[in-house]
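What follows is a single structure, written as structure tokens, with notes after it.
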Amino acid sequence: MARTNLQTLRERAELLQLIRMFFLDRGYLEVDTALLCPTLIPEGSLEVFRTCYRSAGGTDRDAFLIPSPELWMKRLVAEGSGSIFQICKSFRNSEPAGPLHSPEFTMLEWYTLQADYLQSMDTLEELFAHLFEKLGRDPVLAFGDHRVDCSLPFLRLSMAEAFQEHLRVDLRQLTNFEALGDAARSSGLTVTPQDRREDLFHKLFLTSVEPNLPHSRPVILYDYPALIPTLARNKPGTPWAERWELYLAGVEVANCYSEETDPERIEIFFTEQEKKKRQGLEFHPSDWELVRIIRQQGLPKCSGVALGLERLLLFFLNQDSIGGVLPYGAELSV
Amino acid sequence: MIRAGAISKGTFLRMKNEPYVVVEREFVNPGKGSAFVRLKLKSLISGQVLKQVNKSQEMLEDINVETKEAQYLYADGEHYHFMDLETYEQFTVAIEGHEDKKFFILEGVTVQLSFWDEKPIDILLPYKVVLTVKEAGEGLKGDTVSGATKQVTVETGLVVKVPLFIKQGDKILVNSETREYVERVNK
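Same order as they appear, the protein sequences are chains V and W.
Residue numbers for the first sequence follow the numbering used here, beginning at 5 and rising by one.
Residue numbers for the second sequence follow the numbering used here, beginning at 58 and rising by one.
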């Protein structure tokens, strides 16, 4: 791998500084929470790093590196922090090697109080506009052969519209295993008994929808099927979850929820994901303390966004691999 | 059987009772989803391209494809003809689906053929192939910037972008996958 380029380092620092300025100016509190934890939020689709804390003379304890700072940030929000943001390292194990992944990466995560996922879309757009303005650049980003015109507004596309356009199916009808299985088979995909509903959805999405998303403008893909278990709130009276992802030239860059605040539903999510974790993933104790805090004090209405900073930097620095925008740290994945 | 996550480019799979070779493999982890593998497969019989997405944990049927050496004889309109140099047995491989191979095989040269179910199904190209330049135009006059290139045609008809110093009759090494010039190999 090439040595870290000092120019890249400066541009990276400048962008991080501008992001901080954006949130501080809007009254968000910057936090820097723990990376090494005894418990985590269980997420059945994520593999974590396990390590060991050896206290002098004491017993060894398992410790885990955070896959995102969500756990602590939600605790802070529940405890009354107000709107907060954080730029920190996050760690994901067993992710595919390649230009878009590094086991250690930088996450920008922010929680806005009294906001939902639609307001977070606005904040995201304002953040981009702020970055272009302060950098004195035209709102155009480059990635490989793609030029992404980031003039506002971004293209807001619902998942149902995307499925209609690229697969000619009504996503509203694809709520049970049979309907999803039929749709997958008619797209020439394999359906196995081990597939869950969300797996079939993802197979369809990854084959026919995601590769065909427009590349010339940023796409905010919103209203994901509620059948994918997440901590996003359900959109009342619909089969959707209040959730979006930002795509730049087909690359997933950010994920947002109107956060689930109902302690019952959060508890169900924890219980189900713990079960999934036991099926072959690194098992870690779940942070039931978060559930307890939310049950006791309530989680105020809020919306959270997690954005992979290196992926954003790829576009701002016109690089084609995460190794090119990380000061160091991509060595493991090459 | 093979786990989808363990599949790599070049793995042979049986799909819909036809042999396929994996030509592209990409891992994808959608936000809040399991790990998936996006595969682009090419039928070794029809050349038809198939796109698949499988969970990394899913098991797929891999097939045993044997390789044998054979001498390339010639191509007619529909087939490439080969001969086993030990048994003198002759084989054909349909050109359809393997059109690009003609740029990298030379009559009389020994190549590797892959066999499935006793039938030759594919021609395996070496990673780099030596080809002779048949036509080399001049580079643009006055273009002395280092890294400047021009196009030449090699003996098989392939057009390759090369550095300006390459002349007609030169032997050059070409990457059979990317079709890119590697180096000059004149003695």
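C-beta atoms are modelled at their ideal positions from N, C-alpha and C, and glycine is treated no differently.
Since the model is a prediction, treat every value here as computed from it, not as a measurement.
For the beta strand (DSSP E) holding H138 (chain W), just list the boundary residues, first then last.
-> As a working mapping, residue 138 (chain W) is identified with position 81 in the second sequence. H138 (chain W) -> beta strand (DSSP E) spans H136 to M140.
In chain order, what residues of the same chain have a beta carbon less than 8 Å from the beta carbon of I297 (chain V), not counting five sequence neighbours either side?
-> Reading the first sequence from its first residue, position 293 is the one you call residue 297 (chain V). Excluding residues within five positions, the ones whose Cβ falls inside 8 Å are R79, A82 and E83.
What residue range is occupied by the uninterrupted beta strand (DSSP E) comprising R200 (chain V)?
-> Reading the first sequence from its first residue, position 196 is the one you call residue 200 (chain V). Where R200 (chain V) is concerned, there is no enclosing beta strand (DSSP E), given that its DSSP letter is neither H nor E.
Identify which residue in W:F161, W:Y129, W:K158 and W:L221 has its Cα closest to the Cα of E146 (chain W).
-> Taking the first residue of the second sequence as position 1, residue 146 (chain W) is located at position 89. Here the closest residue by C-alpha is W:Y129.
CB contact below 8 Å: G192 (chain V) versus chain W | Stepping through the first sequence from its first residue, residue 192 (chain V) is reached at position 188. So yes, G192 (chain V) belongs to the interface.
Evaluate I272 (chain V) with the Cβ neighbour count: other Cβ atoms within 10 Å of its Cβ, from every protein chain shown; 16 or more gives buried, anything less gives exposed.
-> Your numbering for residue 272 (chain V) matches position 268 in the first sequence. Under this definition I272 (chain V) is an exposed residue.
Using a Cβ-Cβ cut-off of 8 Å, state whether R60 (chain W) counts as contacting chain V.
-> Counted from its first residue, the second sequence places residue 60 (chain W) at position 3. It does not; no Cβ of chain V falls within 8 Å.
Of all Cβ atoms in chain V, is any one closer than 8 Å to the Cβ of R95 (chain W)?
-> Position 38 of the second sequence, counted from the start, is the residue given in the question as residue 95 (chain W). Answer yes: the Cβ-Cβ gap between R95 (chain W) and chain V drops below 8 Å somewhere.
Can you pull the DSSP bridge partners for N97 (chain V)?
-> On the first sequence, residue 97 (chain V) is found 93 positions in, with the first residue counted as 1. DSSP, once it has assigned bridges, lists V:E51 as partnering N97 (chain V).
Neighbouring residues, chain V, relative to S91 (chain W) (Cβ below 9 Å) | Residue numbering aside, residue 91 (chain W) sits at position 34 when the second sequence is read from its first letter. By Cβ distance, chain V contributes G48, S49, R200, E202, D203 and H206.
Going by DSSP, which residues form a beta bridge with P76 (chain W)?
-> As a working mapping, residue 76 (chain W) is identified with position 19 in the second sequence. In DSSP, P76 (chain W) forms a bridge with W:R71.
For W292 (chain V), the nearest candidate out of V:Y121, V:Q21, V:P42 and V:I232 (CA to CA) = On the first sequence, position 288 is the one that residue 292 (chain V) refers to. With distances taken between Cα atoms, W292 (chain V) lies closest to V:P42.
Same chain, Cβ closer than 6 Å to E115 (chain W), neighbours up to 5 away in sequence not counted = If you number the second sequence from 1, residue 115 (chain W) lands on position 58. Around E115 (chain W): A61.
Whole-angstrom distance between D179 (chain W) and V166 (chain W), CA atom to CA atom = Reading the second sequence from its first residue, position 109 is the one you call residue 166 (chain W). Reading the second sequence from its first residue, position 122 is the one you call residue 179 (chain W). Near 16 Å, if we compare the C-alpha coordinates of D179 (chain W) and V166 (chain W).
Start and end of the alpha helix (DSSP H) containing P229 (chain V)?
-> The count along the first sequence starts at 1 and reaches residue 229 (chain V) at position 225. No alpha helix (DSSP H) contains P229 (chain V), which is instead part of the beta strand (DSSP E) from V223 to P229.
Check the Cβ-Cβ distances between P218 (chain V) and every residue of chain W, and say whether any is below 8 Å.
-> Walking along the first sequence from the start, residue 218 (chain V) turns up at place 214. With 8 Å as the cut-off, P218 (chain V) does not count as an interface residue toward chain W.
Check the Cβ-Cβ distances between M5 (chain V) and every residue of chain W, and say whether any is below 8 Å.
-> For the purposes of this step, residue 5 (chain V) is taken as residue 1 along the first sequence, with counting starting at 1. Low confidence applies to M5 (chain V): its pLDDT is 42, below 50, so where it sits in the model is not reliable, and the reading given next is rough at best. Not one chain W Cβ lies under 8 Å of M5 (chain V).
Can you tell me whether D203 (chain V) is buried or exposed, with buried defined as 16 or more other CB within 10 angstroms of its CB?
-> Along the first sequence, one-based indexing puts residue 203 (chain V) at 199. That one is buried.
For Q105 (chain W), the three-state DSSP class (helix, strand or coil) = Position 48 of the second sequence, counted from the start, is the residue given in the question as residue 105 (chain W). Q105 (chain W) falls in the coil class under three-state DSSP.
Which same chain residues, not among the five before or five after F147 (chain V), have their C-beta less than 8 Å away from its C-beta?
-> Counted from its first residue, the first sequence places residue 147 (chain V) at position 143. Taken in chain order, the residues that qualify are L252, A253, V255, L318, F319, N322 and D324.
Have a look at S106 (chain V) and C92 (chain V) and give me their C-alpha separation to the nearest angstrom.
-> In the first sequence, residue 106 (chain V) corresponds to position 102, counting from 1. In the first sequence, residue 92 (chain V) corresponds to position 88, counting from 1. Inter-residue distance for S106 (chain V) and C92 (chain V) is about 14 Å (C-alpha atoms, whole angstroms).
Beta-carbon of F139 (chain W) versus every beta-carbon of chain V: anything under 8 Å?
-> Position 82 of the second sequence, counted from the start, is the residue given in the question as residue 139 (chain W). Not one chain V Cβ lies under 8 Å of F139 (chain W).
If the cut is a Cβ gap below 7 Å, which residues of chain W does G185 (chain V) touch?
-> Here residue 185 (chain V) refers to the residue found at position 181 when the first sequence is read from its first residue. In chain order: nothing, as chain W lies at least about 14 Å away.
Using a Cβ cut-off of 8 Å (strictly closer), state whether L367 (chain V) contacts chain W.
-> Nothing about residue 367 (chain V) can be reported from this structure: the residues present for chain V run from 5 to 338 only.
To the nearest angstrom, report how far apart S212 (chain V) and N243 (chain W) are at their CA atoms.
-> If you number the first sequence from 1, residue 212 (chain V) lands on position 208. If you number the second sequence from 1, residue 243 (chain W) lands on position 186. So the two alpha carbons sit approximately 48 Å from each other.
Do you know how far the Cα of F274 (chain V) is from the Cα of R96 (chain V)?
-> As a first step, residue 96 (chain V) is located in the first sequence; it is residue number 92 there, counting from the start. As a first step, residue 274 (chain V) is located in the first sequence; it is residue number 270 there, counting from the start. Taking the straight line joining both Cα atoms gives about 19 Å.
Determine the extent of the beta strand (DSSP E) in which G185 (chain V) is found, giving its start and end residues.
-> The sequence position of residue 185 (chain V) within the first sequence is 181, counting from 1. Segment F181 to S190 is the alpha helix (DSSP H) holding G185 (chain V); no beta strand (DSSP E) there.
Exposure label - T127 (chain V); buried when at least 16 CB within 10 Å = One-based indexing of the first sequence puts residue 127 (chain V) at position 123. With 16 or more Cβ atoms within 10 Å of its Cβ, T127 (chain V) is classed as buried.
In whole angstroms, what separates the C-alpha of E278 (chain V) from that of P222 (chain V)?
-> Locating residue 278 (chain V) in the first sequence gives position 274, counting from the first residue. Locating residue 222 (chain V) in the first sequence gives position 218, counting from the first residue. Straight-line Cα distance between these residues: approximately 35 Å.
For the beta strand (DSSP E) containing E108 (chain V), list its first residue and its last residue.
-> Sequence index remark: in the first sequence, residue 108 (chain V) carries index 104 (1-based). E108 to L117 is the span of the beta strand (DSSP E), which, as asked, contains E108 (chain V).
For chain W, is any of its Cβ atoms less than 8 Å away from the one on T234 (chain V)?
-> Position 230 of the first sequence, counted from the start, is the residue given in the question as residue 234 (chain V). Answer yes: the Cβ-Cβ gap between T234 (chain V) and chain W drops below 8 Å somewhere.
Answer with yes or no whether the minimum CB distance from P107 (chain V) to chain W is below 8 Å.
-> As a working mapping, residue 107 (chain V) is identified with position 103 in the first sequence. No, P107 (chain V) does not count as interfacial toward chain W.
Contact between the region 263-272 of chain V and the region 32-42 of chain V (3+ Cβ pairs under 8 Å) | With the cut-off at 8 Å, the region 263-272 of chain V and the region 32-42 of chain V do not touch.
Cα-Cα separation, E165 (chain V) to G192 (chain V) | Walking along the first sequence from the start, residue 165 (chain V) turns up at place 161. Walking along the first sequence from the start, residue 192 (chain V) turns up at place 188. Those two C-alpha atoms are separated by around 21 Å.
Would you please verify whether the beta carbon of G88 (chain W) is less than 8 Å from any beta carbon of chain V?
-> Reading the second sequence from its first residue, position 31 is the one you call residue 88 (chain W). Chain V, which has a Cβ nearer than 8 Å to the Cβ of G88 (chain W), makes this yes.
Which term fits M5 (chain V), buried or exposed, when burial requires 16 or more other beta carbons within 10 angstroms of its beta carbon?
-> Counting from one through the first sequence, the residue named residue 5 (chain V) turns up at place 1. For M5 (chain V), the predicted model reports a pLDDT of 42, less than 50, meaning its position is unreliable; a value from the coordinates is still stated below. By the 10 Å Cβ count, M5 (chain V) comes out exposed.
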